[in-house]
Every structure is written in C-alpha cells, then in structure tokens.
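Protein chains in written order, with our numbering: chain G, 1 to 177; chain S, 10001 to 10478; chain P, 20001 to 21045.
See below:
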C-alpha cells in the first residue's frame, strides 16, 4: 500500500457533514475538505473557507470589457478611419453605447466562468480522493469529509479515532497516487 | 434566510412531488441518459428532423449558388423571411435566459426543474437565429466583414449601424448563454461520470466535468460565479431584443421608427419564448415521465407569464394605432396603420391580433392554465402570432412607405419556406439529441428542493417537507 | 477600374477564345473543339472549313441556340449566356475592334490623337423613320460606348432622344445578322455579288421589268441619288417605300391643304398658346421632338412669359400630361371638334355648339384669337388628312404661318403614300410580275397591314431573287432566298436630313463588326459597282454638291461638325386652300354601341418593332403606364368599370373578322368606349431579347384603316402578368379618401400661375422642414476648407415644370453607368435597376386627370439614412457631399435600401450583369465599374465625370467651371429640366435655381437634406376654364391608391 494522502469520512446527510466539518476545523485541523453533491450552506465557513475572489475577477473583466468596447469604436471611427457617415460626427457616442455594454457583459461573463474554474484549479481529471471507491457517490447522495496527511496535526491513528467520534458511515484511507 | 423567504405558493403546492430522495432523483434523471434504451420513436424523430435539416442545407446551398434573388425580396421590401425568422428565433431564445437568470435572482425555486431545458432551448434558438443574418447577405462569403477584424479592405465595421449592434448583441448573447448553460451542467456531468458504467462514456463525461469533485470551496466559488452570471445575463437578455428592435426603431421608415419597440419587442420575445418552453416541456414530461418534477404548477406559472407579456404586446399594438391617430390623418403614420388594417396584407395583420391578443385571453381561466393539452395548443397559436407580428412589422412597413411610385408587394418563394422550415427541423433535432445525451433537468438543483438538503442544527433530524427551501440562495451572495 | 482594363483584352479572339469556348454549349461541342484546335492566323480560314460541317449548318438553321427560351428566367440566364458566349457566331465577331480605314474626324471636344483612357467624340447621326438626329458618339479606344446629342445642331442642341441613344445597344446586339445567307447557308459578300450580277444582267435586258425595290422612308440625299440612278438603269423597275409608322395622313393633309407635299415645322419658342389636336409632339417618335421639347420647356418658367398648352387627345401621352387643359376624346371625334373650332374662329363650317366640350372650344378659340401670330395648332400624325388641313387653315387664319409655323420642302426624299405603295407591291407579287425583289431595311412580312398577306404574296410570288438587307435575319429574311447583313449606322458612312432639312453626315466609329454592308454599297452592287465603298459613294456625291472650292477642307469640316452647313430648308411660301374640308367623321363617330373604337400607335419604347431586341428599350418604362416588356391595350377607367375589366385581364378584339387577343391596362385619362393598341411587339424572329415578347397587333391592322378602326371586344377568362415598374400611380378614389389615405407626403408639388404670383413660396409651405441646427450633432460644414479642400459641393435641381417624361435621362444613365437589364420576371417582382426613374402621378378625375412627371435620381442626402445603417461602411459621404457607394465593400444587407425614403437604391439580387457576351464587354463605359451579384448600387451623380473634370482642372491649376460637368441625365434632357453644379458657388446655375421660391426638397421633414431638389411645377391655366378643372391645384398630388387586379 502506497503512502497515505488522507482520511475520508463518509456521512449520511448534509447536516451531519456540516456538524462534523465544524468540529474537525475547531479541533485544529486546517488542511481538510468537505464534499457534497450540491452546495451546502455554511459548509465553506465550517472548513474555514472565507476568501472568495470570484467577484473581484468579474469586476476587473467587466471594466476591461467596457474600455475595449468604447476604445475600439472610438479608435476605428475617429482615429484610424475617420470618415463622414450620414453627416454624423466621428465620435457618435450615443451610437457607441450599445456595443460598449455588450462587450462589458461578454468580458465579465467569461471572466466569471474562467475565473471560477481557475481558482478552483479545474480542470483536474485526477485527484487522490477519486481512488476511494465509494467517493463516486459524492456527486450523487453522499457527503464526505477528508483530512489530508499534509495537515501538521495529522496522525493516522489519532485522526482516525477523532473521525470515528463524528459517527460517519465509513472511514477510508485515501491512497496517494 | 430560509423558510421565511420561500414564496407563499410554495407552501400550497410543492414544485417537487413528495416521495423522492437524492438517490431516486439522481437515478431518475440520469437514467434517461445512461440506462434508457433507444426508442423507435426517438430514432424515427431524429431521422425525420435531420431530413428537414438536409432540406435546409439544400436551400442554403442553392442560395449561395444563385444569390438572394431566389427569395421573394425586392425593392422596396429588402428584408423578407430571413429577418422575420431571425427576430422570431431570437425572441424564442429569451425565455431560457429569463428562466435561468431572472427567476434565479427572484428566487423562484420552481425554475430549478425547467431551467436546464429552457437554456438548451435558448442555445438552439440562437443557433437558428444566427444563421439568418449570415445567409441573408448578398455576398455571404464576406459576411465576416461585419466583425471587427482587419480585412482585405483595410477598413473596419461602421459602428453606427444597428445591424452591427446586432452582431455584437447576438454573439455576446450566444456566448454567455453557452457558458451559463455549461457552468450549470458541470456538477451533473460529474454525476453522470460517476454513474456511467461504460468506460468510454465515463471518460467523455469525465472530460466534460473537468474533474469536478464538489468540494465546499468549489461550491462557494461556483455559486458566486453562477449568481454573477445570472446578474449579467439579466440586462443582457433585455438588451438583446432591444437591440434587435433598434434595427427598426433607429430607421426612418414609417411603422419602424417608433420608441415603443424596445419594451414590446422584449415582452414579445418572452411571450413567444414561454410558448416554446411549454411546447417542449409538455411532451417531454409525458414521454420521459417527469410529471413529478415538471409539475402542473410549472405549466401554470409559464401560462401566467405568457398572459402578462401578451398584454404588454397588446399595449404595443394599441400604442401604434394611438400614435397614428395622434399624428393625424395627414401623417404617413396614419397611412401606415390604415394600410395594416385595410391594405393588401390585412389578412396577416388581423390574424396577428387573433393569435397574439384575442385567443390568449382564455388564460384568465384557471382550468385552461392547468390543462397541458390546451396550453400546448395555445402555445402553438402564440408562436404563429409572434411570427406574424414580425412579418407585419417588416413586410407591411416596407412594402408601402413614403414614395408611392416605389410601392410593391412581397411574395415568399419556395426557397423562403424551405429555409424557414429547415431551421425548425434543426431546432427539434438539437432538442432530440439533447434529451438523450445530457440531463434534461438540473439534477443538483433538484436535490436542493429536497427537504433533507436543508441543514439543521446538529442532533435535530426531524425533516419537514414544508420547510424545503432553496439553500443555494442563502448567505452573503443572497 | 483596373480589373476592367485587364478584362478589356477579352475582346480579342486570340485571347478570348479559350475563355468563351470552355463554356457548356451542348450542341456546339464539335464546333467548339474545331475552333479551339485552330488558333491565331488560321482562325478565319478554319471558319470556312467549319461552314461545311453539319453542326455548323444545324446551328445556322436554328433561330438561336438551345436554352435561349430560358432567357427570361434570370436564374438560368448566366448558363444560357455561356452557351451564347460559346456560339460560333460570337467567337467569330470578337475580333479586336478596328477603326475604319477611311479618315474619320473627331469632334473638337478632344484632341485628334488618341490619349489612352480618354474618350474621343465623333459627330454622326442616327435615323428614325427617315428623319436623322444629329449626335455625338463617345469612343473609348475605338469602341463607341455612348451616344449623345450634337450641341451645335439646332435639331438637338445637345439633347438625344431614347431612340438615338439606344441604337448603341443595337450595334452590339449579339443577335445581329453576321453573314450574308443564301437559303440558310452562310455565304460571302463576294459570293453574293457574283450571283446578283447575273440576276441583274437579266433584268437589264428587260429594263428592270420585274425588278422591285422596297425601302423604308429615306431622307439620305446620297441614297436617293443612287436610287434615282438605279431607276434610270432599270427604267421599268419600281421603287416602293413602306414603314408601318408612316406619316401618310400628314402627307395627304398637306396635299389637301396646299396641293403639294410640304414639311411642317413649328417654332414653339414663339408660341404663347399651343393647341395639339391629338399630336404627341413632346414624344421622341415625333420628328423634331428634341427641339420642340426644348422650345416648349423654355417657356415654362413662371418668372418669364409662360406659354399655355391645350391638348385634345385620344391616347394619354406626355404631351397631354403637360397640358394646362386636356380634353380626352375618341380619335374619331377630334375631327368634328377641329371643325367646330375652325367654325368658331370664323373659317366657315358649322360650329357644333351642342357638344359638351363647347365651353372648352370657346375658351381655346378666344385664347388662340387673342394670340394670333403667337399661337400654333398642331395635328397628330394619326389624325385624318382633314384634321391636318384644318390645322393648316387655322394656322394660316391666325397668321401663325412664318412665325410659329414654317413650311418647307419635305425632309423625306420622294414622299409617297406608303400604304398604297406597299399595296401595289403586294399586288404585283401576287400577279407574279416580280422577278427580283430587293428589300432594303424594311420588314413587311412582320409589319405590313394584315389584309395584304404580304408573307404569302412574297412566298408565292415565284420571284427568282428575293433579297433581304437588314440588321437582323428577321421575319422577312426568313422568306427570302438571300439575306445580306447590314452595317449599323455606327459602322457605315451615310447621310440623312434632320426635321429641319439640314443634312447630317453619318460617320462610322468602328469597322463593321460582322463585315456588314451599308445600303449605299448594296445599291451600288445592284448597279454592278460592288467594289465601291460607302465612303467613296458618299464623297463622290458630295463632291458634286459642295460649293466650296477646296473640297478637302470643306469635307473635313463637314464630317467634323456632323452636318452640312446651310442645307436646312428655307421657309417655303405656300397658301392653304381657303375652303375648309367638310367632315365625314361625324358618321364614323356614331357606330353601334356594341363596338369599341380601336386606335393604333407605335410603341413608345420599341417603336415599330425595330427596337424589339434592345434590352434597354424593352425595360424602359413607357412614359404613362410605366409598363415594360409588354404592350397591353389601354382602356379608360369608365369603360373598364362598365365592362368589369381589370388590368391584366385578357380580351379578344374582333376586327373585320380577324381576332387578336391582348391583355388590357386601365390607363387613367383614356377616353371611354375606346381601346388603344400598340404595335411593334410579338416579333416572331428577332433575337434572344425580343422574340415572342408581347402581342403582335399588326395582325389587327388593315391597310384601309391604319390608325383607327372599330372592334368587338370580348373579355376572356384568363389573365396575363404585366411588368409595370410603378404599380401604384396614386389615383384618388373615394374609397381611399374615406380613410384619409388620399394624403400622405406631397412629393410632387404644383400650383397655378396666379397662386405662384400671389404666393411664390407655396411649394415650400406644403411641408415644414426642420431648422438646420435642430440636431443633437453639429452640422458638417461642406464649405470648410479644412474638411472640403477643393470647396466643391455638388447638387442638382430638377424642374418639374420642364420635365416632359420622355425618358431620355433613363437611357442615358443606362448607357453611361453600365446598368444591367434584368428581364421581365425580375421586373415583375420589383427588381428593375434604373438608377434614375421618372415617376408618373395622376390627380383628379380618373377619366381626365392631370398628370405629372418626377425624375428621381439619388437625392445625395447630406444626412443620408442609408449610410447610417450600413454595417460595413459600404456607403459613406465624400467631402464634396456625394453619397458614395463603395461596391467592393458592400456585402449586401440591403439595409440601406430599406432605410432610403426615396427608394432609389438598386440591388443585384442575382447575377444581373452579363459577364459573358463579348459584345457587351466592348460596349461598356470603362470609367464605371461593373457591379456583380449581391451588391447594392445607385446613382452616383456620374462621379466618373466629376473626377475627370477635377483632374483636368487640377492639371490646369484652375477650379472647375460651372457647367463644365454634365451628368448623363442632364446632358440627354431635351428640356434642360436637370441642372447640376457646385452649390458652394453662389453664382452657379444650380445655386441660383435652388434660390428660387419654387425650389423644394422631397420629404423635407425627414431632415435628410437632399442635394437633389425640385422646382415645383407651375401651370398657366386659362382662367375661363380653371374654375371647373384643377380644383386640386396647389394641393400636393394626392396619394390615394388604386390597386391593379
């Protein structure tokens, strides 16, 4: 058996998981992760996740989009190819508003998705927890809590005993490969 | 928030029939894709529809060979079926985004069962719509000149043209709808990955799921991203049909040059969009036995939206007449309206009133709103009506404008019809395929409709169905 | 343009053969291979070889190659043209163009030597019905590309009518006959002359006993002298003349009045009051119309002394449309009316006061009297000799002769009663008296009166030699053993007299494309001088005539000017017989009620059928009905209502036992109980464009009643699709009025002289135009030197008072701007391509409306709605205010056209332009790019001409002079209704006109700020009559709609 990556506790319901995560985190484990088939309220805080930078990314994306939008139109219409179209001025700002808006939305939207994926370190086809057979139910109807070996407080026997106190359905070793 | 914020009617009627748990939901929806054998009906349907797509190919091929002259367009009626269909399809698309984005923001938990479906519909509709602006040009092989990329002419697009606004609005709309849809799919793709027996299928869905593990951190970021997308899509969807309406409102043609267009185009879009949603939902929930997830209440809500938007559309029509009256009998607007009422195209115009305004009033009757059969029929009527609306706006305004010497008539040719019907075939084909390769209902969002998805204080395991709420809306992003 | 230069080489067979030949031509494969296998020098020899092959015969026997029936199906048109392109005939003609061998003299406007890229102009002439029109021909590198009027000649003054302009296309017509043909086999000219020599020798023996010559009307002094010589050579021979649109009645009228044949000319510049008795003297088919139109229009300026026009007419015409007072009468009633008029003027006879139009007559009579010596009465060609005689008498009585009416020798050499002349020939043919019949340019088998059965007569005459000489192998050629291909007037030397008698010289611009011969050469051949060239013949004739000592100088000058100085006929003193001919027409007018009166007219566009294969003419909307590609019969609204007939319904006309079927068209202003049919259509054998188009009404025309008869009309069940470019001629109807539809935009504005005097600004006040500065944006300042460096701002005015709707501008534009012909089906669906159109609007009583014309080119709006909506900037504004169209930027969204309130934009929905036929490549104006499929196009103010002028002026370091640039439409306009120039220059003519009170912008309230503006029409009605008529005067022409079918 190869090196241990962590211990994976399986739970029945979201409530159990949240409770378990809270206790684990409170008792000093930091390098832990909770898995659920749908977003569970409070789970993030439970495992000590507070910094969500997605909104910031979107804001920046939106600003860039707006500048690109108006900049492109102004540059094209007034600078690189200035020409009289229907007697309108070169910089016909009211006409330029719409494309500016569209590009803002486009850039912001794309940065939301891409930002989310990148911050989530996705795509990542392989992850040690996938090696645990029952983990496939994490995307269906089971809830998991994983304490990683990397955690300074981690100790196979200690941690396993600690987890057992949380009354999980099962506890599995997460092999490291 | 929690139970308090749940809309009142949630208490009266669940959006998810009781008796489901996570396993059953997951199994029921994903099995449509993974387990259900190919039915004869499905295969036949796909064959038939792709036959129609073939016809579309023929029509477009011949068009490229000969030129737009194979259509019925002329001077003065420079735009015909192509633009009518474009506006119609784009409009249909709107319901999808509306359901997935706006209802999401409005915390309408019932949308969870139909948003996936509606978004798919949006994508396919935009696909069909996008086809037309490209092929309707005289020299389609140069249509790319409408994009802001350096080209052989060393010249850039002309940004004052509403047609160019269209290009940006529609392409943005298409892109955002796609990513929005895909983002929503990721967790379900993971589910399919984990349930798939066959290695290859597992690998395909695995690749698409990008290794989604449902970590708490992922969910946090996922939700804020999703919420922001919803927030962005809402003004976007409103802008798209507004911009489409600018194609007409910005011009100086009588019947086009009017300020009421943006709101009533948007309303009309949602109107036809929900009609299409119903037309698709009603058979699908029957065929795939999803009546317990897409309930009568979903249908009724859709019907209510149609009723409301239908009235806004009616307001648009009436305002047009009022404006003509206000401008007085000497005005060109007066003549335009007169021409609609009594001109050579009076038939389509009156049909439009019947289909869009008069018939849909039966939706005031509750029993009609709750009858899938009648809703289906009514939706068909509304779709015809909305198509006619675009026909009226485009052809009737163009065929008689300021200078009577240049008045003309427009008669569609067989190629016009082939192209239009062809896109219908394309649309249905895509729907058919979608039903079999992706979960038609968002599994993870349905899970959240389950009572047990709600987190209770530790120890308290009593579950109360009445307290089922959409937790995804809680917390700082709410 | 560069692309075009490269294309131009295609005209050389050496280069072009491969290209044209790889096209699919099913039945030509073999021939093609054979040609392809030969190259360069042996090419022509191999043609001779080919002539032996079966494929070749097969092809020559066919009227025209397979697929030509698809001509009108524009979708397959291109494929068809490839077939044609590959046909041997075309391969044969695409020789590089050569200048004629003889010295031809360019017109002064350009240096004598060719500057590549710069056109040269040559003075020449075209003839119609025997009358010559002096023209200038533009030539690019030896290829005639456009025909314009000759400014130095009084008959043209720079204007050119549709017929002379369109004859250019005739020269390049790929369906022209291209070789002499004997029994369907090509022969050479040599071969022909050999054969004919023996024949004619035989005739010499019998003094030409059996020799007959049939020509059209002739005014060429040279040809006339040749024919006289010919007749001297064959004393017993007979010379017959016939053209279907003959002026027999005019001739008879002058015989009746003066006992001799005289030409009647009018001096309209001196006429304050004009009365037309069914005379359409403002239409191009009327001899001298170009000058008459000019003189008439010159008197339409309300600020000067205006003339007044009364028209009594049986067929709505442009002349009637311009009239202050128009009386719609059946043709048969005109004579009685003329008599009453004569009577009320005191020329004896009985004034029939009972007539309901007595009021009109009284007013006219008084007006004429009041303007004795400054009035004129003009009788129509189709009216009876009596009417002409009456007109002469009245003019004499009013003392107009010598002032507004001038008599002279006849322009036509040896004028005869042509109907009688042809009758006699037919008779001789039947009686087998004819052994040799030579037909010069006439086409009697098609256009002879039907009762002569000329075809049978010809076929069964047993004549040993029947020779047809003409541009096409037409219906007559089919029944002759010999056909000799004629040279077009642009290819041959000749001469002819203009309406005033002055002799115009015809000089060739290009060596005959198919080695055709001129009439002179043929006649010479008949006299055994087959080697004489047209040039020799013409020169030798004039050498005899020339008074000048130094003939060379005289000749050079004459050829240069295009006409022989001092040959205009002097006025001739003749006295009309005092007695007024008693009318027999009263009887004719009264007939049994079941019958309807039929009037015959030549077609306004394709004349007597001569222009049937001319795409420009076929697609030219006829002035009143805007009809193209067909000749429906006209009936009046009242009659239609009574019979329940709609436009496009088919009817059967039974005339003296003969049946013809024809569609009807309800023409506003057409008299009741009458029907007008137009001749020239239904050609059975002419070419890809004209064959089988329309209905042959010659079948209904008999020699005893050439212009007027009665028929029994039976409506038929079926209908027939017609292609009018203006479906809605906006005739008020009660129905429409109820909904207030009768008033949309006053696009046409007119008022009476009184109104103009009291309120000159009436036109502007009909519609409020926004202030210039009421705008979100600053205005573009076209006078700002930083923006508009050269300071020109181009603008145009169109004087609606002067425009007579003659369409000359449309053909000029077609020719100048390489505008494609689209064919009937495309016109039906509304895709005609005219850059400038002439709209016709009617107002008032449908049975006698007042009509107005409005030429509509691109308005060149300063705030162009089209530019704003183009996504790719394919239409943008130039600093000189032109609304430029950038063809190769255009992707064809058609948004610009949708947003054009004037609908002047034209779109190439399909590949309308003919890229294949070599002839057309030669014909095109190299300064204007050829538009392909999927591209929008429109009027450019002839930007190519502006550019040339700009370059010239810059080279000469001066600014462009006012009037230096003439747009094609302006140049062709006989009434000078169109004026173009620099609006930044306050002294330019156009600026002055725009400053006038009656200047207004079309749809001004849209604030598009058109550079093209209109001068409102001001009419000068007779106060006595005005009260009743013209109630709607000074109201905008009201746009109620009558829908066809």
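Glycine included, each C-beta is placed from N, C-alpha and C at the ideal position.
Interface flag, residue i vs chain S, CB-CB below 7 Å
i, result
"residue 20882(P)", "no"
"residue 20934(P)", "yes"
"residue 165(G)", "no"
"residue 20902(P)", "yes"
is_contact[residue i, chain G] using C-beta, thresh 7 Å
i, result
"residue 10251(S)", "no"
"residue 20895(P)", "no"
"residue 10448(S)", "yes"
"residue 20019(P)", "Its pLDDT being 38, under 50, residue 20019(P) is placed unreliably by the model, and the measurement read from it follows with that caveat. Residue 20019(P) does not count as touching chain G."
"residue 20864(P)", "yes"
Where the beta strand (DSSP E) through residue i begins and ends
i, result
"residue 20795(P)", "20794–20799"
"residue 20132(P)", "20131–20140"
"residue 20483(P)", "20482–20485"
"residue 20125(P)", "20120–20128"
"residue 173(G)", "170–175"
Beta-carbon proximity list for residue i, same chain, < 6 Å, skipping 5 on both sides
i, result
"residue 20209(P)", "20236"
"residue 147(G)", "6, 7, 29, 32 and 159"
"residue 20288(P)", "20499"
"residue 140(G)", "37"
Min CB distance residue i to chain P below 7 Å
i, result
"residue 88(G)", "yes"
"residue 10364(S)", "no"
"residue 91(G)", "no"
Residue i - containing alpha helix (DSSP H), residue span
i, result
"residue 20809(P)", "20808–20816"
"residue 20639(P)", "20637–20643"
"residue 20531(P)", "Run containing residue 20531(P): none; DSSP gives neither H nor E here."
"residue 10188(S)", "10162–10195"
"residue 10085(S)", "10081–10097"
"residue 148(G)", "Premise fails: residue 148(G) lies in the beta strand (DSSP E), 143–148, not in any alpha helix (DSSP H)."
Residue i: CB within 6 Å of a non-hydrogen atom of the ligand ATP
i, result
"residue 125(G)", "As presented, the structure is devoid of all ligands, the ligand ATP included, so that no description of it is given."
Close Cβ partners of residue i (< 8 Å) along its chain, the five nearest in sequence each way excluded
i, result
"residue 20307(P)", "20268, 20271, 20272, 20273, 20274, 20296, 20299, 20300 and 21020"
"residue 20116(P)", "20141"
Close Cβ partners of residue i (< 7 Å) along its chain, the five nearest in sequence each way excluded
i, result
"residue 10303(S)", "10363, 10369 and 10375"
"residue 20381(P)", "20247, 20249 and 20250"
Query - Cβ pair count under 8 Å reaching 3, the region 20161–20174 of chain P against the region 20488–20504 of chain P - result: yes
**Report entry** the region 20639–20655 of chain P contacting the region 20707–20716 of chain P, beta-carbon criterion three pairs below 8 Å
**Finding:** yes
Report task. Spell out a yes or no on whether the region 20926–20935 of chain P and the region 20174–20190 of chain P are touching, meaning 3 or more CB-CB pairs, one atom from each, closer than 8 Å. Result -> no
Query raised in the report: Enumerated in chain order, which unbroken segments of the alpha helix (DSSP H) with a length of 4 residues or greater are wholly contained in the region 20887–20947 of chain P?
Result: 20895–20898 and 20918–20923
Query raised in the report: Which full runs of the alpha helix (DSSP H) of 4+ residues lie inside the region 20181–20213 of chain P, going along the chain?
Result: 20189–20205
Report task. Could you name each continuous alpha helix (DSSP H) segment of 4 residues or more that falls completely within the region 10352–10433 of chain S, going from the start of the chain to the end? Result -> 10366–10369 and 10372–10391
Query raised in the report: Any chance the region 20613–20625 of chain P sits against the region 20831–20846 of chain P, with 3 or more Cβ pairs inside 8 Å?
Result: Pairwise C-beta distances place the region 20613–20625 of chain P in contact with the region 20831–20846 of chain P, as three or more of them are shorter than 8 Å.
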